[in-house]
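Below is one structure, written out as C-alpha cells; the observations come after it.
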Amino acid sequence: MGPDVPLLNDHKQEFLLKRFPQTVLGGPRFKLGHCAPLYIYVNQIILFLIPWVFGGIGTLLYQLNVLQDFYTAAVSGGLMLAAAIIVQATNMFARQKTASVERVRVHSTLTDEDEWEFSSCVGSETVRFIISGKKYMVNVIFHSVLAGVLCGLGTWYLLPNRIASLYEGNIGGTVMIFIFGWVTICIGEYSLIISTASETATYQALDTYEIVPLMRPFYIFIFIAVDLAHRFLADIPALTLANQILHIVFLCLPLLWTLGILPPLDALFLWGMEQVLELGLGGSPMSSNLRLLAMFLISVGTVIASYFIPSTLGAVLFMTGFGFALSLNLNEIGFAFSHTVVKNLSSSKFKNRSAYCKTQFGWRELMFYLTALAVALLEASLLHSFLGSQAFSKSSLQAIMGYVLIALLLTTWVLGEIQTVYLLGLFRNPFYPKDVMMVNVFMKKQKILKRLGVLRRILVTLVSPFAMIAFLSLDSSLHHLPSIFISIGFSRSFRMVWQNTEYALLDMVVVSTVQLLLLNTDLWWNRSIDTGIRLLLVGIIRNRLFQFVSKLRFVLTVLLTSWTEKKQRRKSTATLITLNIAFFPIVLVLVALSALLSSPLLPLFSLPIFLIGFPRPIRSWPGPVGVTACMCPDTIYYQQMIPSLTAALQSAFSVGSLGLCSPGSHYLCRFQDRLVWILVLERGFTYCCLNIKGLELQETSCHTAEAHRVDEIFETAFEQDEHSHVISFNHHFGNILTPCAVLPVKLYSDARSILSGIIDSPDNRKQLKDDFIKILIWVLIQYSYDKSKTQRLLERRPKSMPESPPVELPEIFEKVVERSSWKDDDGLSVQSVEDWTDDSSLFDDELCKKLPKPKEITAQGVTPRPFFSLPGSVEIHTTETELPEAASVNKLYKTVVLGLPAVDTGKQWGQMDLPPVKFSNPYSELLSLPEEWRTAPLPVTRLRDMKQRFPEDWYHFVLHQLDFFHLKGKPPSLHGDLVKDSALKDLYIQGILPCCVSIFGIEDTVPSPGHIFRAYNGGLPWSVCLDWLTAKQELFQLVLQAFRYSVKLMVDKASLGPTENFKELLNCLEEYHNDWYVGLVCEKEWQQAVLQEKPYLFSLGHDPNMGVYTSRVLTLQDFLVQVGKLNGEAVRGQWANLSWELLYATNDDEERYSIQAHPVLLRNLTIQAADPPLGYPVYSSEPLHVPLL
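Residue numbers (numbering that gives the first Met the number 0): 0 to 1188.
Below you can see the structure in the form of C-alpha cells.
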C-alpha cells in the first residue's frame, strides 16, 4: 500500500461533505445525497430562524421602552417554549401516523443517512426528516422548557443597550455581536429541539440518553451565567473584563463546536473532576468513573472540613491524617476488611468458598500504615507546636529542610536514572548489564543496581514523605488558619506528599529554591500567597510544562517522519511541512493551548495537520476498563502471563527502572511474538493501578513492520557486545518508544519445528507402531492402578465424612467431556472414507474439525456415569447435569455408504458372551480391565495370531514398577504373582490388540504420515473395531492419549536419540504424564493446561502451504521481557484522531492511510491497543491494583 492511498474513499468523502455542514449549522441538512424538493430547505431555514424572530420581538419591545429587560426575556422565552412544544407534538403525531408501532432508534454516529421520499410540504415524511424527535417523553418536556429558557436568557444577553454599555457605545461592535450572537443561539436551539447534529467532539458511539443535544446549549448558558453574575454582583473590574472577553468569544462558539475543541458533557464533567482532583486537591485520576466521583466528593469534603476546624493544631493533624488516608488504596483495604469480617462471621461452607479470594493487604501492610500514620501525626504536631511560628529565612529550620529536600531530589533522581538502560533517554547507561539474554546471568549482573534500587525505594517511600511533612509543618502560614486558601493549598500539599511523592518532592524543591532566591524582595510571590498556594501553582505549571514538552516532541516527530520515512511521504507532504514551518508560532500556540487544556493534540489523518482535541479523562475511552476485548485462542497466553508480569512490574516500579509511574503513562512489553500494552490508571502511596492489554499474535503486514522496528529498538538497547563503547547514543531517540528495562517473567516460549525427515521416515513410523503397544500397556495399567488406589481410599473413608467433590479426586478421575461417536458426526460418509487413503494429501485448515464432538445421551432410569480423564490431561470442571450418561451406542447407521460392511440390525455388533475371568492371584483384580473392554469384534484366530506382537518383557517390567503402597499386609511376592497370572495377561491382550487394529488397521502395514496426523487429531480410519472403540469413550480417550504419547516419543527419539532401556522409556512416559500436555492447540484442555501452567505442551500440525508437518512446543520458564516507555501524548493524539475518524468521519476502511504501518509512531500498534470497538486488543485486563510496598 503506497503512501498516496486516499485518506477517505469516494463514498466517505461524499458522506463527510454532507455531514460537515450539519455540524457547522447545528443540524440543518442543506446538502443531501439526492434531489429534494425546495420546501425541505425552506422549512429548515424557517425553523432555524424562529429563535431569532422571537428574540427580535422581545428586543424590539425593549428598545421601544414597551417592556423592561426581564419582561422582554420572559416574552421571548414563552414564545419559544410554545414553539418547541408545537414542534415536538408535530413530530410525535407524524410518527404515530406513519407507523404506530415504530420505535425511535438510538442515534449512532457510525451509521450513514438513509434516503427519504417526500410527498408534501407538511407530510409525515417531511416532518420526520426535518424534526428528529425524542426517544423519551421526559426529554420532550425537559428540552422544550430548556429551549424556552435559552431563548429568553439569550435575548437578555444580546440586548443592544447592554452590549453597547459593555463596549462604551461602540456601534459597530454592538451590531456584530448582536447578529453573530443570535446565529450562535439559533444553532444551539436547533440542535436542542429540532435535529441534533453529529458532533466532531464525540466521546460515546451511542447517545442512549440523548445527552448530545444538551451540549451546545450548556456552553451558551455558561456565557450567560457570567453576564448574569456581572449584572447582579458589585462592579468588579475582573468580572467586567471577563464579560467583555466572553462576549467576543461567544461569537466563536460555532467554530469551537465545529473544530471539536469543546468536549461533550459526559467527557467534560469527568475531565473536570479529574483535573480538580489531581491539580487542586492533590489526588490522582481514578480507574473508574464511580471511584472518581467518590474520591472527588470525599476530597472536597476534606478541604471544607479543614476550613471549619478552629484549632490550628487540629487542622494540621486533620490535613496530615486525611492526606495520608486518601492516598492509600482504599478499595483494596476495604476489600481486605470485608474479607476478614466474612471469614470470621460466615459459615464454614462460605469460608471454604472465600478461601480462594486473594487480597494483597495483610497484617504486615496494616502495621506499616498505622506506624507511618502515627509517626507523621507526631512529627507534624511537634514541629507545628514548637517550631512552626518561626519566619522563613536562610538560617531557619524550614530553609534547612529545603536543602535536605534538594539533596533527596538529586539522590533519588540519580538512583532512578541509573536503573534504566538509557540516561535521559539519550545515552546508554554504562552501569546497566550488556548482552542481557539469560535470566540467571542478568540477575547476577544486576545485583548492584538492585541494591541501589532498594536504597531509592527507601528514600522515596519512607525518608522523603517525612522530610516533606517537616517542611510543611514548619511553615508559619499554618498559624493563620482558618483561611480557605490555606486550607486548599495545605490539604493538597499534605496529600501529595504520599499520593505522588516524586512530583511533590520536585514541587517543594522549586518552591524552596524560589523562596531562597526571592527572600528579601517585595514581590507578589512573597507578599500575597502562602506556601500551600505556591505549591499548587508550581504543581499546575509543572504538569502543563511536562505536557507541553511531550506534545512538542510528538509534533516534531510527525513533521520529520512525514518526510524522512519514504512510505509516509505523500504528494502533499512538502506543502504541509512548508506551512508548518511558516506558521510555526501558530503551531506552538496550538501546542500550548492543548497542554493548557490537558487535551490531546490531534494529527488529522495522522498528517502534520494539528488540531486541538477535546479534553477527556486520562483513560481516553468512555467504557469501564477491561470489559471488552476481541477474544481469540491467543488470549489465553496473555492471561497466563499477567500474574507473573504484574509481580515483575511491582518490583520495577518500586526501584524506578521504568521511570516515573504517573497516571497516563504507557508502556510496551515485547517477548517473541507477544506485545503487551500497559496503561497506568491511578497512582497512590505504595500502589498503582494498571490496565494490561495483549495485542494480536497473528501479525499483519503493518503489524509485522512495526513489531520489527520494536525488536530493533530493544536489540540495540539490550543486546550489546560486552566490548562495545562504554557510552553509546540512542539512535532511536525520535521514536515514541524509549527502552527502559528487562523484566524476568514466567511465561511460555513458543517453538515451532518442521518434522521433515522424522514423520516421513519409514523406520520412525514402524517404530511408532511398536512403541504404541508399549505405551498403551503402560497407560492402561496406570489407569487400573490409580483406580484401585482411589477405590481403596473411598473404602477407608468414614461414613460420617461427606463425599469429596469430583475435582478433589486424583487426576485419573478428573472429568472430561465425552466425545461423540463417528456415526453421530457423519464419520461414516463416503467423503470420510475417501479421506482415508494413505496417499491422500487433503488437510483441514482447522485441525480440530476431525475431533469427535461432545455428545449428550439421555436415558430414563439410567444413572449418570462419569467419564474419567486421560493420564496427564487437564481437569475440566462440569456440573452434574453436564455429565454424559452411559447408554448403548448400538444404533442403526444414519447413512448407508457403498462399500462398507453391512450391519445386522437384529444383532449387536461386536458383543459376545464371555466367561468370567479366573485370576490365579486375588490381587490381579486390582489391575483388571472393565469387561466390555475385551469384547472386540475380532475372530479368536486373529487374536491368537496377534499375540506374538504383545511385548511380555515390557509388560512384566511395568508390573514390577507398581509400589502398591496403599495395600496393607501385601505379600512379598506380589509382583511375581502378578507376572505369573496368565489370565491377567490375556485380559490385557484382549483389550489392547483391538485398539491397535482401530488405530493402524487389521493389516500389518507401516502407517503413512497422513495416517499418523489424522489419528493424532482423533480421526481414526474405518475398521471392524472402530464402532466398538468409539462406543467406549473412556477407552477411546486412553487410546488416543497413548497414540499422542507415541508421536511425541517418536519426535523425541529422532531429536535426542533412542531410549536405551525400559527404565529410560518409563521415565519418558512419567514425564509426559506429569509435566506435559500432549494434544491439540484448539482443545479446551490445551487452554486449561496453559492456565494451570503445565511445564510443557506439545501439538502436531500441518502447514498446507508448504506441505510439511510441524510440531509446536510451549515451554514454561522465566524469560526476560523487554519493556519500553511510550510517549503518552503521542498515544493520546493518535487515539483522538482514531476517535474522530471512526465516530465522526466513519472512515472504517481497513486499508485507510491512518492505519498503515509507521515504524516511528507505531501507529498500527497504537490503534490496536485502543478500546473496542475502535481498537482490537485480544486481551484486556480489569484494573489491576499493584502494591509497591
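Ideal Cβ positions, reconstructed from N, Cα and C, are used throughout, including at glycine.
Remember, it's a predicted structure, so these values are computed and weren't measured experimentally.
- Closest in alpha carbon position to E1140, among S1153, V440, V1130, A1129, is S1153.
- L422 and L408 have their alpha carbons spaced roughly 17 Å apart.
- Secondary structure at F918: coil, using DSSP grouped into helix, strand and coil.
- Annotation for I84: S143 place their beta carbon closer than 6 Å to its own, counting only its chain and skipping 5 residues before and after.
- With respect to D1003, N920 sits apart: the two C-beta atoms are not nearer than 8 Å.
- Going by DSSP, F29 is part of no alpha helix (DSSP H) at all; its letter is neither H nor E.
- Burial of Y1071 is indicated by the presence of at least 16 other C-beta atoms within 10 angstroms of its C-beta.
- Put simply, the region 603 to 615 does not touch the region 657 to 677. Fewer than three CB pairs are less than 8 Å apart.
- When secondary structure is reduced to three states using DSSP, N1066 falls in the helix class.
- For T1145, no beta strand (DSSP E) segment is defined, and its DSSP state is neither H nor E.
- Less than 8 Å divides the Cβ of W1085 from the Cβ of Y1076.
- Here N1104 is exposed. Its C-beta has fewer than 16 other C-beta atoms within 10 Å.
- When Cβ pairs closer than 8 Å are counted between the two stretches, the region 692 to 701 is seen to touch the region 1148 to 1168, the count reaching three or more.
- A straight line joining the alpha-carbon of Q1040 with that of F949 spans about 19 Å.
- Bounds of any alpha helix (DSSP H) do not take in C688; it lies within the beta strand (DSSP E) bounded by 686 to 693.
- For W676, the secondary structure class from DSSP, reduced to helix, strand or coil, is strand.
- Taking one beta carbon from each stretch, the region 734 to 744 and the region 1114 to 1127 have 3 or more pairs nearer than 8 Å; the two touch.
- Excluding the 5 residues flanking it on each side, I39 has no same chain C-beta neighbour closer than 6 Å.
- Between T71 and T154 a beta carbon distance of about 6 Å is seen, short of the 8 Å cut, so the two are scored as contacting.
- Bounds of the alpha helix (DSSP H) holding I1166 are 1162 to 1167.
- The beta carbons of V590 and V554 sit about 6 Å from each other, so the pair counts as a contact at 8 Å.
- According to the DSSP assignment, G1100 belongs to no alpha helix (DSSP H) but to the beta strand (DSSP E) extending over 1095 to 1102.
- Secondary structure note for P743: its beta strand (DSSP E) is the uninterrupted segment 736 to 753.
- Rounded to the nearest whole angstrom, the C-alpha separation of Y784 and E951 is 18 Å.
- Excluding five sequence positions before and after R543, the CB atoms of its chain that fall closer than 8 Å to its own CB belong to A594, L595, S597, given in chain order.
- When DSSP reads this structure, V1077 sits in a beta bridge with F1097.
- Of the candidates L157, E167, S286, the residue whose Cα lies closest to the Cα of I223 is L157.
- CA-to-CA, the gap between L1142 and T201 works out to about 7 Å.
- Here DSSP, grouped into helix, strand and coil, assigns V1107 to strand.
- When the beta-carbon positions are compared, T301 and S527 stay at least 8 Å from each other.
- By the C-beta density criterion, T1029 is buried, having at least 16 other C-beta atoms within 10 angstroms.
- Taking the Cα positions, T370 is about 11 Å away from L461.
- For a cut-off of 8 Å, the C-beta gap from S664 to A740 is around 14 Å, too long to register as a contact.
- In this structure, C995 sits near I772, with a CB-CB distance shorter than 8 Å.
- Ranked by Cα distance from V299, the options E277, S118, T1058, V1023 are led by E277.
- Per the coordinates, the alpha-carbon of D68 lies some 12 Å from the alpha-carbon of R230.
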